[in-house]
Amino acid sequence: MHNKLANSHSPSKPYMAGQVIPVRELHAGHREEILQHLLALGDEDRRLRFGTQTPDEVIHHYVEQLDFNKDAVFGIFNADLRLIGMAHLAYLPEIQGQARAAEFGVSVLPEGRAQGLGTALLNRSAVHSRNSNIQILYVHCLANNKAMMHLAQKAGMSVEYAYGDADAYLKLPPANPATIVEEAANEQWADFDYALKENLKLANQAWWWFLGRPNVAR
Ligand SMILES: CC(C)(COP(=O)(O)OP(=O)(O)OC[C@H]1O[C@@H](n2cnc3c(N)ncnc32)[C@H](O)[C@@H]1OP(=O)(O)O)[C@@H](O)C(=O)NCCC(=O)NCCS
0 MHNKLANSHS PSKPYMAGQV IPVRELHAGH REEILQHLLA LGDEDRRLRF GTQTPDEVIH
60 HYVEQLDFNK DAVFGIFNAD LRLIGMAHLA YLPEIQGQAR AAEFGVSVLP EGRAQGLGTA
120 LLNRSAVHSR NSNIQILYVH CLANNKAMMH LAQKAGMSVE YAYGDADAYL KLPPANPATI
180 VEEAANEQWA DFDYALKENL KLANQAWWWF LGRPNVAR
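Right under this line is the structure:
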């Protein structure tokens with residue numbers, strides 16, 4: 000199968016605003032946004048994301064335990080600066096003689112779906128993995144997760160099915176100057192996009208205040 004992510008050695012037009020979705024790397028200061036994002040997922044989405052029924056307490060614990068020094072977490076913010084999509088790239092323990100691997104988990108809120116956000120998070124995680132010397136990217140999910148399966152196959156991942164679960168994996172080539180530039184450019188573009196949305200939000204609030212209208216959050 001054509002391995003789109005692994006064979007991509009040139010930047011995927013990271014400077015073209017409007018075509019490249021800005022993906023930010025998140026840090027410990029984003030814990031609250033991450034928590035609100037995951038709590039906003041319905042029961043079925045939580046099951047698809049974590050592979051099992053996931054009550055609020057488990058999500059609280061998961062977010063508290065996120066280690067931003069060890070793993071990488073990526074996010075996409077909408078115009079209201081709401082975290083609409085996020086991905087957790089968890090580095091698996093190194094085993095001598097085996098390829099270095101990371102596991103990818105992703106969620107996009109229903110209102111943001113089918114616009115390429117999941118794909119952008121997967122692309123960014125694959126490039127980051129290559130730049131971090133990761134050789135294999137895994138996605139573990141339920142075999143009936145059609146959207147994730149489609150996304151994985153579109154990215155050229157190989158999929159193995161067993162007992163209702165599916166393991167998709169992608170062998171990644173080493174980093175090269177293009178992957179380093181691609182990631183840096185996307186990060187810069189995402190910072191710029193965030194600052195722009197932040198200023199627009201503040202400007203809107205100022206206008207509402209000036210015009211004496213209530214500032215109703217959308
Ligand atoms: C999986 C998920 C992250 C996809 O996010 P997204 O932003 O909609 O992803 P994209 O828009 O980049 O791509 C989705 C693709 O799946 C396709 N798709 C969506 N639902 C589908 C379905 N039921 N059957 C087949 N394909 C489907 C879309 O058409 C799109 O394909 P295209 O790009 O070729 O048109 C999102 O559905 C989600 O958060 N699901 C709940 C959590 C989850 O399942 N996480 C994955 C396990 S870790």
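For the sequence shown, counting from 1, position 2 maps to 1 in numbering that gives the first Met the number 0; every step adds exactly one.
We put the CB at the ideal spot given by N, CA and C, even for glycine.
Quick caveat, the model's predicted, so the values are computed rather than measured.
Can you tell me where the alpha helix (DSSP H) holding residue i begins and where it ends?
{"i": "G115", "result": "Element bounds for G115: n/a, residue is neither H nor E."}
{"i": "E43", "result": "42-49"}
{"i": "A71", "result": "It is not in any alpha helix (DSSP H) - A71 instead sits in the beta strand (DSSP E) that spans 71-76."}
Would residue i and residue j qualify as a contact pair, given that the criterion is a beta-carbon distance under 8 Å?
{"i": "Y168", "j": "A142", "result": "no"}
{"i": "A86", "j": "G115", "result": "no"}
{"i": "P21", "j": "A189", "result": "yes"}
{"i": "L37", "j": "S124", "result": "no"}
{"i": "L25", "j": "I33", "result": "yes"}
{"i": "V62", "j": "R30", "result": "yes"}
{"i": "Q52", "j": "D44", "result": "no"}
{"i": "F73", "j": "A27", "result": "no"}
{"i": "R129", "j": "A174", "result": "yes"}
{"i": "A119", "j": "I75", "result": "yes"}
{"i": "E102", "j": "H139", "result": "yes"}
{"i": "A98", "j": "Q134", "result": "yes"}
{"i": "G111", "j": "N77", "result": "yes"}
{"i": "L150", "j": "L121", "result": "yes"}
{"i": "V126", "j": "E56", "result": "no"}
Could you give the first and the last residue of the continuous beta strand (DSSP E) run that contains residue i?
{"i": "H59", "result": "Run containing H59: none in the beta strand (DSSP E); it sits in the alpha helix (DSSP H), 55-64."}
Since I believe residue j is in contact with residue i (beta carbons under 8 Å), could you give me their beta-carbon distance rounded to a whole number of angstroms?
{"i": "K196", "j": "L80", "result": "6 Å"}
{"i": "A89", "j": "D70", "result": "5 Å"}
{"i": "D166", "j": "Y137", "result": "6 Å"}
{"i": "G84", "j": "G117", "result": "7 Å"}
DSSP state of residue i, grouped into three classes?
{"i": "W206", "result": "helix"}
{"i": "H26", "result": "coil"}
{"i": "V126", "result": "helix"}
{"i": "A101", "result": "strand"}
{"i": "F191", "result": "helix"}
{"i": "P21", "result": "coil"}
{"i": "L38", "result": "helix"}
{"i": "G111", "result": "helix"}
{"i": "Q95", "result": "coil"}
{"i": "Q52", "result": "coil"}
{"i": "N68", "result": "coil"}
{"i": "S7", "result": "For S7, the predicted model reports a pLDDT of 47, less than 50, meaning its position is unreliable and no value from the coordinates is stated."}
{"i": "N198", "result": "helix"}
{"i": "A183", "result": "helix"}
{"i": "A146", "result": "helix"}
{"i": "A177", "result": "helix"}
{"i": "G155", "result": "coil"}
{"i": "L80", "result": "coil"}
Looking at the strands, I want to know which residues DSSP matches up with residue i.
{"i": "Y160", "result": "A165"}
{"i": "S106", "result": "M85"}
{"i": "L141", "result": "D164"}
{"i": "H33", "result": "The residue asked about is misnamed: residue 33 is Ile in this sequence, not His. Answer is none; I33 lacks a bridge partner."}
{"i": "I135", "result": "A100, K170"}
{"i": "Y90", "result": "A101"}
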